[in-house]
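Taking it in order: structure first as structure tokens, then the write-up.
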Ligand SMILES: *Cc1c(COP(=O)(O)O)cnc(C)c1O
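Numbering (our numbering), first residue to last: 159 to 526.
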């Protein structure tokens, strides 16, 4: 069994992908051509925003948003510690200071109460909040948006895991001033390499990000900003356009897989199932449990041929690279508890009922 089985998807639409790649190869237009433009248009419409900008990765999408916002140098950015390292790494790269905030133990997303508290305490030192829609579950934007507005700070969505998710009918990628997503192969909409996209309704911000992804160029060989080489490749865009045609169906398949897990795994006292708040549709990037004896159950499953993952074993505020920020063991108790308890099970659209039944059987056997 594989944790994410990309081969099963490829068996369905691989032929179409190969044709799309050949089309781009033969066109010899490899950089910022019709495929990237078409994907930007299709995804902007799909997410429900005015502008989408294809970029080199989810990491660069986040970086370019922060860079384009031109926030005061050295100001603080509130963000979760329970996330992939990129969320915090780009804050530093943009000349800002990450300030980690604890999570909501139900959803693993930013605790709105903790954000409010930090905003009160740090006042004008804070310039932005980056909320991650972790594991495919949108953060609590209905409360974060008015809170950030009240304090005059910019809200950004890290939607790298949550493309396809919804919150009361609004799609992930449409929250805050701008959002970043990733097309890393393991994400819900994954390409065949690195790629990402920025979404926003802000015309000026979109224009600046378009310039920043091409070295800050605003007209040919004229550089207004200090940018990067942050473009999405034509070949990736062509592949993603094929996969986008299957995306709705794959999201529904993921939902079915999640429903089967809920059915199969209910009633095991040592296992806590994910919580999906009212009005939320998850993209089910991960199916993440809280379990008792996490490391032992993980080893047991691995010995029986079941791959699992731990996202994330060491929270960012305890990582050596962020040690200088002044956080330590005990700073974010809910985050640290989650890091000890979480276990992600195999999750992808083509996971079979029998495979899930086996996983459930083994979990029951372990706890018996
Ligand atoms: C994957 C991911 C990123 C980075 O995306 P890349 O395309 O790998 O650069 C950023 N934030 C989160 C939460 C992610 O899961």
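Backbone N, C-alpha and C fix where the C-beta goes; we use that ideal spot for every residue, glycine too.
The region 235-253 makes contact with the region 456-474; the number of CB pairs closer than 8 Å reaches 3 or more. Judged by DSSP secondary structure, residue 514 falls within the alpha helix (DSSP H) whose first and last residues are 511-525. Shortest gap from the CB of residue 358 to any heavy atom of ligand 1: 8 Å or more. If you ignore the 5 residues before and after residue 507, its C-beta comes within less than 6 Å of the C-beta of 408, 411, 412, all in its own chain and listed in chain order. If you draw a straight line from the Cα of residue 224 to the Cα of residue 511, it is about 42 Å long. With a 10 Å radius around the Cβ and a threshold of 16 neighbouring Cβ atoms, residue 180 comes out exposed. Under DSSP, no beta-bridge partner is assigned to residue 322. With a cutoff of 9 Å on beta-carbon distance, residue 504 and residue 458 are scored as not near each other.
Under a 10 Å Cβ-count criterion, residue 189 is classified as exposed, with fewer than 16 other Cβ atoms of the shown protein chains found around its own Cβ. Straight across, the Cα-Cα distance linking residue 297 with residue 481 is about 26 Å. By the Cβ-count criterion, residue 301 is exposed, with fewer than 16 other Cβ atoms from all chains shown falling within 10 Å of its own Cβ. Taking a C-beta distance under 9 Å as the contact criterion, residue 276 and residue 236 qualify as a contact pair. Look at the beta carbons and you see the region 335-345 not touching the region 253-265: under three pairs across the two are nearer than 8 Å. In the same chain as residue 217, and ignoring 5 residues on each side of it, the C-beta atoms closer than 8 Å to its own belong to 244, 247, 248, 340, 354, in chain order. Contact check for residue 352 and residue 215: beta-carbon distance about 5 Å, within the 8 Å limit, so the pair qualifies. Residue 265 and residue 379 have their C-alpha atoms some 47 Å from each other. A straight line joining the alpha-carbon of residue 282 with that of residue 313 spans about 15 Å. When secondary structure is reduced to three states using DSSP, residue 208 falls in the coil class, being assigned neither helix nor strand.
Residue 419 is classed as buried because its beta carbon has at least 16 other beta carbons within 10 Å across all chains shown. Secondary structure at residue 466: coil, using DSSP grouped into helix, strand and coil. Residue side-chain check: residue 259 keeps its Cβ at 8 Å or more from all non-hydrogen atoms of ligand 1.
Here DSSP, grouped into helix, strand and coil, assigns residue 243 to coil.
The residues 239, 258, 260, 473, 475, in chain order, have a CB closer than 7 Å to that of residue 490 in the same chain once the five nearest residues on each side in sequence are set aside. Ranked by Cα distance from residue 316, the options 271, 163, 332 are led by 332.
Taking 9 Å as the cut-off, the beta carbon of residue 295 is found closer than this to the beta carbon of residue 434. Judged by the Cβ position, residue 287 fails to qualify as a neighbour of ligand 1 at the 8 Å threshold, every heavy atom of the ligand being at least this far. For ligand 1, no non-hydrogen atom lies closer than 8 Å to the CB of residue 514. For residue 338, the three-state secondary structure derived from DSSP is strand.
Residue 217 has its CB nearer than 8 Å to a heavy atom of ligand 1. One alpha carbon belongs to residue 358, the other to residue 366, and they sit about 12 Å apart. Within the same chain, and ignoring the five residues on either side of residue 375 in sequence, the residues whose Cβ sits closer than 8 Å to its Cβ are 369, 381, 382, 385. Taken in chain order, the complete beta strand (DSSP E) segments of 3 residues or longer contained in the region 362-417 are 375-377. Assignment of beta-bridge partners to residue 502 by DSSP yields 446, 467.
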